[in-house]
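*Asks:* Following this message is one structure expressed as structure tokens.
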Amino acid sequence: MRFEITREPLDPQRLTQEVRRDESGAVAVFLGVVRDNSRGRRVLHLEYDAYPELAERVMERVAAEAKERWPVTDVAIQHRVGRLEIGETSLVVAVSSPHRKEAFEACHWLVDRFKDVVPIWKKEVGEGGEEWIEGELAPEEAP
Amino acid sequence: MRFEITREPLDPQRLTQEVRRDESGAVAVFLGVVRDNSRGRRVLHLEYDAYPELAERVMERVAAEAKERWPVTDVAIQHRVGRLEIGETSLVVAVSSPHRKEAFEACHWLVDRFKDVVPIWKKEVGEGGEEWIEGELAPEEAP
Amino acid sequence: MKAKVRLFARLSDLAGLRETEVELGEGLTVSELFAALAHTYPALAGYASSLMYAVNAEYVPSDHPVQDGDEVAFIPPVSGGARCGSR
Amino acid sequence: MKAKVRLFARLSDLAGLRETEVELGEGLTVSELFAALAHTYPALAGYASSLMYAVNAEYVPSDHPVQDGDEVAFIPPVSGGARCGSR
């Protein structure tokens, strides 16, 4: 199991190899990639901030939860922070399991959970300025 | 779109890069890996055979069908043939789309369809001998 | 007239060949061609019921007539690589 | 007693700092510490309602008391990288 917040480019190939096991026939990998648009606007680049010590703990817990729900062999998650250009990879989630169905389901669930609970924040820098994107409870929407 | 039957080791990294687009935030990748066991028996290695010209056409058609069902940006599929050792990758399916949900669903569906329709065969070589594994209509089970 | 025949996987092992040229009469269907082949290679007999047929790398029905110069393939039930992760 | 405060993302930009040492009285809770901080950095005022709190890299409730030497973090709603593929 590897859970990493890093400023360096991510390495999906390495994570894929790390989660693979001789007894497991399936590896599902998700890559979150920086898009050139968001909510109808052009994006020039992104900046990610994180609380790394907490983020790595939370990732580990989420992975443990996935292992309770599915017969997952191994999980690895990496998220990059700092400035990311269009097309660069911000997130990699790799999941191995004996059968493909569980690999897909666990990987999808992990990506969803990741978004909700891991302390990482994204600033979109676009033509119209820059803005921190926050979850449901963003202050400007709170009562 | 790349659809390839090859004797060479597969290259998930290249497929991932090829399907990625600036407008797409999600890439889902599946790797089928040679397991050391099958139906309760130890597997020593596998041999894959294919009808490459037909297999590549069928893959292309299945990918076109996925693109009609989901807003998929691009698809690439590679399958290796010949002798594969435990831990080697036999299949890579990479799917990009603007949103992660569709990337996961389309990738999972493509892997399922692949298994049903693409003319590729697997021979399991185990301690007890070797056997071609065939689909539902395997001759020994046919009436 | 002549056709090229291609065999794969179990069928190829049973017949001991992957590819052969056959001489055949006008109007023979792909399933009739397989029956003729099974006459020459008796190990193939009994597999007809589970086969799919392809001509020039396209699936065809079992009553598709073979033309001169066709490449005819006999396709056992598939077991693509995804299978390794399927159960 | 002393605590280390860490700010992230929007809060860090608003306050113009990522990390600071604060002197505080015995028994102050993490939410009271944020209120005190918002007094020094008025741009932070109004964000209290949407925050989560962490002490020594573990989430804690808003009434958790700060101890000497603690590292206290104020966590805005998250927007992890997966978001780029979410809609």
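Chains as they are written, first to last, in our numbering: chain A, 112 to 254; chain B, 112 to 254; chain C, 455 to 541; chain D, 455 to 541.
Cβ coordinates follow ideal geometry from the N, Cα and C atoms, glycine included.
Does the beta-carbon of A/VAL136 have 16 or more other beta-carbons within 10 angstroms, so that it is buried, or is it exposed?
*Replies:* The sequence shown places Gly at residue 136 of chain A, rather than the Val named in the question. Result: buried.
*Asks:* Check the Cβ-Cβ distances between A/ASP160 and every residue of chain D, and say whether any is below 8 Å.
*Replies:* Taking Cβ atoms only, chain D reaches closer than 8 Å to A/ASP160, which makes this a yes.
*Asks:* Report buried or exposed for D/PRO531, applying the criterion of at least 16 other Cβ atoms within 10 angstroms of its Cβ.
*Replies:* Buried, because 16 or more other Cβ atoms sit within 10 Å of the Cβ of D/PRO531.
*Asks:* With burial defined as no fewer than 16 other Cβ atoms inside 10 Å of the residue's Cβ, what is the status of D/SER503: buried or exposed?
*Replies:* With fewer than 16 Cβ atoms within 10 Å of its Cβ, D/SER503 is classed as exposed.
*Asks:* Which residues share a DSSP beta bridge with A/ILE197?
*Replies:* In DSSP, A/ILE197 forms no bridge with anything.
*Asks:* Hey, how far is the Cα of B/THR117 from the Cα of B/ILE188?
*Replies:* Rounded to the nearest angstrom, the two C-alpha atoms are 11 Å apart.
*Asks:* What does A/LYS234 pair with, by DSSP beta-bridge criteria?
*Replies:* In the DSSP output, where bridge partners are listed per residue, A/LYS234 has A/GLU158 and A/TRP243.
*Asks:* Under the rule that 16 or more other beta-carbon atoms within 10 Å means buried, what is B/HIS61, buried or exposed?
*Replies:* Since the first residue shown for chain B is 112 and the last is 254, residue 61 of chain B is missing from the structure and cannot be characterised.
*Asks:* Let me see if you follow: with CB-CB separation under 8 Å, is A/ILE116 close to chain D or not?
*Replies:* Chain D contact via Cβ: absent.
*Asks:* Assuming contact is defined by CB atoms lying nearer than 8 Å, are B/VAL229 and B/VAL169 in contact in what I supplied?
*Replies:* A contact, by the Cβ cut-off of 8 Å.
*Asks:* Is A/LEU202 closer than 8 Å to A/LEU126 when the C-beta atoms are compared?
*Replies:* The answer is no: Cβ separation not under 8 Å.
*Asks:* Determine whether the beta carbon atoms of B/ASP133 and A/GLY198 lie at a separation below 8 Å.
*Replies:* Yes.
*Asks:* Would you mind stating whether A/ALA177 and A/ILE231 have Cβ atoms separated by less than 8 Å?
*Replies:* Not a contact, by the Cβ cut-off of 8 Å.
*Asks:* Are any of the Cβ atoms in chain D nearer than 8 Å to that of A/VAL228?
*Replies:* At least one chain D Cβ lies under 8 Å of A/VAL228.
*Asks:* When the Cβ atoms of the region 477 to 485 of chain D are set against those of the region 497 to 514 of chain C, are three or more pairs found closer than 8 Å?
*Replies:* Result no; under three Cβ-Cβ pairs closer than 8 Å.
*Asks:* Kindly list, in the order they appear in chain C, the residues whose Cβ is closer than 9 Å to that of B/ARG153.
*Replies:* The contacting residues do not exist; B/ARG153 stays about 14 Å from chain C at best.
*Asks:* Tell me whether A/GLU179 sits in a helix, a strand or coil according to DSSP, three-state version.
*Replies:* Helix, per DSSP.
*Asks:* Determine the contact status of C/GLU525 and C/LYS458, defining contact as a CB-CB distance below 8 Å.
*Replies:* Result yes, Cβ atoms of C/GLU525 and C/LYS458 sit closer than 8 Å.
*Asks:* Can you find the residues in the same chain that come closer than 6 Å, C-beta to C-beta, to C/ASP517, ignoring five residues on each side of it along the sequence?
*Replies:* THR483.
*Asks:* When Cβ atoms are compared, which residues of the region 123 to 146 of chain A fall closer than 7 Å to chain B?
*Replies:* Answer in chain order: PRO123, GLN124, THR127, ARG131, ASP133, GLU134, SER135, GLY136, ALA137, VAL138, ALA139, VAL140, PHE141, LEU142, GLY143, VAL144 and ARG146.
*Asks:* Can you check which of these residues, B/GLU119, B/GLU129, B/GLY193 and B/GLY237, is closest to B/ASP185 by C-alpha distance?
*Replies:* The residue with the shortest Cα to Cα distance from B/ASP185 is B/GLU129.
*Asks:* Regarding B/HIS219 and the ligand NAP, is the C-beta to nearest heavy atom distance less than 7 Å?
*Replies:* Absent from the structure shown: the ligand NAP. Ligands present: none.
*Asks:* Buried or exposed: B/GLU119, going by 16 or more other Cβ atoms within 10 Å of its Cβ?
*Replies:* Exposed, since its Cβ has fewer than 16 Cβ neighbours within 10 Å.
*Asks:* Let me confirm a value: B/LEU155 is counted as buried when at least 16 other C-beta atoms fall within 10 Å, else exposed. Which label applies?
*Replies:* Looking at its Cβ environment, which holds fewer than 16 other Cβ atoms inside 10 Å, B/LEU155 is exposed.
*Asks:* Where A/ARG224 and A/ARG191 are concerned, what is the direct C-alpha to C-alpha distance, given to the nearest angstrom?
*Replies:* A/ARG224 and A/ARG191: Cα-Cα distance of roughly 17 Å.
*Asks:* Less than 8 Å separating the beta-carbons of B/TYR159 and B/LYS233?
*Replies:* Yes, Cβ-Cβ distance for B/TYR159 and B/LYS233 is below 8 Å.
*Asks:* Classify B/ASP256 as helix, strand or coil using the three-state DSSP reduction.
*Replies:* Because chain B in this structure spans residues 112 to 254, residue 256 of chain B falls outside the shown range and cannot be described.
*Asks:* Would you call the CB atoms of C/PHE528 and C/LEU471 closer than 8 Å?
*Replies:* Not in contact: C/PHE528 and C/LEU471 (Cβ atoms no closer than 8 Å).
*Asks:* List the endpoints of the continuous alpha helix (DSSP H) containing A/VAL228.
*Replies:* Taken as a continuous stretch (DSSP letters only), the alpha helix (DSSP H) holding A/VAL228 covers 211 to 228.
*Asks:* Hey, is B/ASP185's beta-carbon within less than 8 Å of any beta-carbon in chain C?
*Replies:* Not an interface residue.
*Asks:* Which residues of chain D have a Cβ atom closer than 8 Å to the Cβ of A/GLU176, listed in chain order?
*Replies:* Within chain D, no residue comes near A/GLU176; the closest Cβ sits about 15 Å away, beyond 8 Å.
*Asks:* Listing by chain order, which chain D residues have their CB less than 9 Å from the CB of A/ARG168?
*Replies:* Ordered by position in chain D, the residues that pass the 9 Å Cβ test against A/ARG168 are ALA511 and GLU512.
*Asks:* Between the region 186 to 203 of chain B and chain A, which residues of the former have a C-beta closer than 7 Å to a C-beta of the latter?
*Replies:* Those residues of the region 186 to 203 of chain B that come within reach of chain A (Cβ to Cβ, closer than 7 Å) are ILE197 and GLY198.
*Asks:* Look at the Cβ atom of C/ALA469, then the Cβ atom of C/LEU478, and state whether they are nearer than 8 Å.
*Replies:* The answer is no: Cβ separation not under 8 Å.
*Asks:* What residue ranges within the region 116 to 153 of chain A form continuous alpha helix (DSSP H) runs of no fewer than 4 residues, ordered along the chain?
*Replies:* Those alpha helix (DSSP H) runs which fall completely within the region 116 to 153 of chain A and span 4+ residues are 123 to 130.
*Asks:* When the cut-off is 8 Å and only beta carbons count, does D/ALA463 lie next to chain A?
*Replies:* Closer than 8 Å to some Cβ of chain A, the Cβ of D/ALA463 qualifies, so yes.
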